[in-house]
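All remarks here apply to the structure that follows.
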Amino acid sequence: MMLILVTSGGALGTTTYNVGDNAGWTIPSNGATTYSDWAKNLKFSVGDVLVFKFTTGAHTVASVKTKKDYDSCTAGNPLLLESNGPATVTLNSTGEHYFICTLHCTIGQKLTVNVSSAAKGSPPSSPPKSSPAPGSNSSSPSPPAARTTPSPSSNPASPPPPSSSTRATMFSSVLFLPFLLAALY
Numbered sequence: 001m002m003l004i005l006v007t008s009g010g011a012l013g014t015t016t017y018n019v020g021d022n023a024g025w026t027i028p029s030n031g032a033t034t035y036s037d038w039a040k041n042l043k044f045s046v047g048d049v050l051v052f053k054f055t056t057g058a059h060t061v062a063s064v065k066t067k068k069d070y071d072s073c074t075a076g077n078p079l080l081l082e083s084n085g086p087a088t089v090t091l092n093s094t095g096e097h098y099f100i101c102t103l104h105c106t107i108g109q110k111l112t113v114n115v116s117s118a119a120k121g122s123p124p125s126s127p128p129k130s131s132p133a134p135g136s137n138s139s140s141p142s143p144p145a146a147r148t149t150p151s152p153s154s155n156p157a158s159p160p161p162p163s164s165s166t167r168a169t170m171f172s173s174v175l176f177l178p179f180l181l182a183a184l185y
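Going by full-length UniProt numbering, the sequence shown runs without a break in its numbering and finishes at 185.
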């Protein structure tokens, strides 16, 4: 049972995205920019997972090598070709990734994602502590760090609600955390 939860929870810091959200991977009803509009405000990182939800036989997912292949809807030598839905793709490298439906690319069923190397949720690195200068007294205390309090904003804005992929990651992490803690004790 634990293995199933850990596997479905995924690695910490990764996110699973349902391509097209509720619409899934289908012929776009909102025009050729449907999938680029979906992806434009999302941050993809190495290790994230894309789930292309479609009915087997109705669509395909091909990962093509170049923007030229993407623009011309050419899948002559794809990096990946999935014809069984739903198809799951793990983003294993940085840079632009191009996905097309080999059946409906020319009418807009295609997606580009830009993948960064930074994992989400990684704590910022702190600068290394410097060693005392030669001849200085290393036992003297350093002055306390100045405390700053953020000033209240005159026009506070509430953050947008989390997306379905964020909720899935948070839920997976919550499921995984008790097992991680149990393993430590």
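Note that CB positions come from ideal geometry on N, CA and C, so glycine has one too. Since the model is a prediction, treat every value here as computed from it, not as a measurement.
Proximity winner among the options, relative to residue i (alpha-carbon distances)
i	options	result
His97	Thr15, Leu79 and Thr33	Leu79
Val46	Ile27, Tyr35 and Thr15	Thr15
Asp69	Gly57, Ser93 and Cys101	Cys101
Val51	Thr88, Asn92 and Phe99	Thr88
Beta-carbon contacts of residue i that lie in its chain and below 8 Å, excluding the five residues immediately before and after
i	result
Lys53	Asn18, Val19, Gly20, Gly24, Trp25, Gly85 and Pro86
Thr56	Ser83, Asn84 and Gly85
Val64	Tyr70, Thr74, Ala75, Pro78, Leu79, Tyr98, Phe99 and Ile100
Close beta carbons around residue i, own chain, < 6 Å, minus the five adjacent residues each side
i	result
Thr90	Val49
Ala58	none
Whole-angstrom distance between residue j and residue i, CA atom to CA atom
i	j	result
Val115	Gly95	5 Å
Val61	His104	10 Å
Leu111	Tyr35	5 Å
Lys67	Val113	11 Å
Ser125	Asn30	Confidence in Ser125 is poor, its pLDDT being 42 and thus under 50, which makes the residue's placement unreliable; the coordinate value appears in the next sentence. Going from the Cα of Ser125 to the Cα of Asn30 covers about 42 Å.
Leu81	Phe44	21 Å
Asn77	Gly13	32 Å
Ala32	Ser117	28 Å
Trp38	Phe99	14 Å
Ala75	Asn22	26 Å
Asn92	Ser72	24 Å
Terminal residues of the alpha helix (DSSP H) in which residue i lies
i	result
Ser36	Thr34 to Ala39
Boundaries (first-last residue) of the beta strand (DSSP E) holding residue i
i	result
Thr16	Thr16 to Asn18
Gly95	Gly95 to Ile100
Val115	Lys110 to Ser116
Val51	Val49 to Phe52
Own chain partners of residue i with C-beta closer than 7 Å, once the 5 adjacent residues on each side are dropped
i	result
Ile27	His104, Ile107 and Gln109
Continuous alpha helix (DSSP H) assignments of at least 4 residues falling wholly in the region 57-86
Those alpha helix (DSSP H) runs which fall completely within the region 57-86 and span 4+ residues are 67-72.
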